[in-house]
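The sequence shown begins at 500 in my numbering and counts up one residue at a time. Note that CB positions come from ideal geometry on N, CA and C, so glycine has one too. Some notes on the structure that comes next.
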Amino acid sequence: MQRKYNNSKNKKNVDKTDENINKQKKNQRGYYIYQKYNDWIITDYSLQKNREISKFYYRRHFLFSKIESGIIMDYESWFSVTPEFLVKKVINIFNQLLNSKKEVICGYCGVGGDTVVFLKHGFDVYACDILYSKIKYLKINSSIYKKEQDKKYIYGNLSCEVSDFLTLNVDRKYEYGFLSPPWGGMDYKNSALFDLYSIDFDKITTKSQSIIKNCVYFLPKNCNPRQIEDIIKDSITVNIMFQERILGLVVFHGDDFLANKEAICLAFK
Numbered sequence: 500m501q502r503k504y505n506n507s508k509n510k511k512n513v514d515k516t517d518e519n520i521n522k523q524k525k526n527q528r529g530y531y532i533y534q535k536y537n538d539w540i541i542t543d544y545s546l547q548k549n550r551e552i553s554k555f556y557y558r559r560h561f562l563f564s565k566i567e568s569g570i571i572m573d574y575e576s577w578f579s580v581t582p583e584f585l586v587k588k589v590i591n592i593f594n595q596l597l598n599s600k601k602e603v604i605c606g607y608c609g610v611g612g613d614t615v616v617f618l619k620h621g622f623d624v625y626a627c628d629i630l631y632s633k634i635k636y637l638k639i640n641s642s643i644y645k646k647e648q649d650k651k652y653i654y655g656n657l658s659c660e661v662s663d664f665l666t667l668n669v670d671r672k673y674e675y676g677f678l679s680p681p682w683g684g685m686d687y688k689n690s691a692l693f694d695l696y697s698i699d700f701d702k703i704t705t706k707s708q709s710i711i712k713n714c715v716y717f718l719p720k721n722c723n724p725r726q727i728e729d730i731i732k733d734s735i736t737v738n739i740m741f742q743e744r745i746l747g748l749v750v751f752h753g754d755d756f757l758a759n760k761e762a763i764c765l766a767f768k
């Protein structure tokens, strides 16, 4: 549960922080983060109030490699950001198959866990999220990665808008897409089999197939495999592993992926 920031004494301390630097402070109850950006102060008490969230603090570099450089995270992002290493694996697949411009749609972009990695690797990204705050955080986080990008490499162009993916309007069909739809919070673990219809995954795939030729979906590890087959026919599903644990499922759908099934399975072995 997030709280509004009312403590004037602590607020005075927050005002002394540098504009683009996250300050991690610790008391007996846990961690909390202060972020000041152009007089816009963000305070997140979620880490000190919820043990389930606090554990993600220790894996923060797993989520954003540049998190100490001023990356902005809200409550939900701590358990919903796509890990950088997963996006890099997907990018390696894309680079093997690309025969056109490096561009991708990132639906449900959030604060940019997937988007900034694509940008860093030279992809032009069209990103959307239903929340204005997410898009604002994404722009700030992208600017941090761009500022620290090695000049030898091209940083992609970012186009983004506040929009539900299901109603997103684009002027053409994109070659590639990456979608990490919301899983409904951490409660998804409570079910033996996650119901994909509970997040309208059938509608998401119908929409994606209308605007994206080849799409990658990041889904919960406990998805009902029969539902995946029913909703996305002719797809490739692989496990994404971290420290010998399954983090989630990655589903590839599209002719380019089906023609390279062996390479995809090998990349995620």
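In the displayed model, His-560 falls within a helix according to three-state DSSP.
In the structure shown, Glu-728 falls within a helical segment according to DSSP collapsed to helix, strand and coil.
If you look at Asn-713, you'll find it in the beta strand (DSSP E) that goes 711-718. Phe-751 and Ile-735 do touch by the CB rule: their CB atoms are close to 4 Å apart, below 8 Å.
Check the Cα spacing between Glu-647 and each of Phe-664, Val-615, Ser-709 and Leu-665: the tightest is with Val-615. Setting aside the 5 residues that flank it on each side, Val-669 is surrounded in the same chain by Ile-710, each with a C-beta closer than 6 Å to its C-beta; the list follows chain order. Within the stretch 616-690, the complete alpha helix (DSSP H) runs of at least 4 residues fall at 631-646.
A contact is defined here as three or more CB-CB pairs under 8 Å, and the stretch 655-670 meets this definition with respect to the stretch 623-639.
By the neighbour-count criterion, in which 16 or more other beta carbons inside 10 Å mark a residue as buried, Cys-714 falls on the buried side. DSSP places Ile-570 outside both helix and strand once states are collapsed to three, so it counts as coil. The secondary-structure analysis by DSSP pairs Asn-594 with nothing; it has no beta-bridge partner. Here the alpha carbon of Cys-722 sits roughly 37 Å from the alpha carbon of Ile-653.
Here the stretch 606-615 makes contact with the stretch 633-645; the two share three or more CB pairs at distances below 8 Å. The bridge partners DSSP lists for Ile-735 are Phe-751. For Ile-604, the enclosing beta strand (DSSP E) starts and ends at 602-606.
The criterion of a C-beta distance shorter than 8 Å is not satisfied by Asp-573 and Ser-662.
The three-state secondary structure of Phe-578, taken from DSSP, is helix.
Ile-604 and Ala-762 have their C-alpha atoms some 22 Å from each other. Excluding five sequence positions before and after Lys-702, the CB atoms of its chain that fall closer than 7 Å to its own CB belong to Leu-665, given in chain order. Here Cys-659 is buried: its Cβ has 16 or more other Cβ atoms, across all protein chains shown, within 10 Å. When DSSP states are grouped into helix, strand and coil, Leu-765 belongs to the helix group. Of the residues Ile-739, Glu-602 and Val-737, the one whose Cα lies closest to the Cα of Glu-674 is Glu-602. When DSSP states are grouped into helix, strand and coil, Leu-692 belongs to the coil group. Leu-765 and Asn-759 have their C-alpha atoms some 10 Å from each other.
For the 8 Å CB-CB criterion, Gly-606 and Gly-655 do not form a contact.
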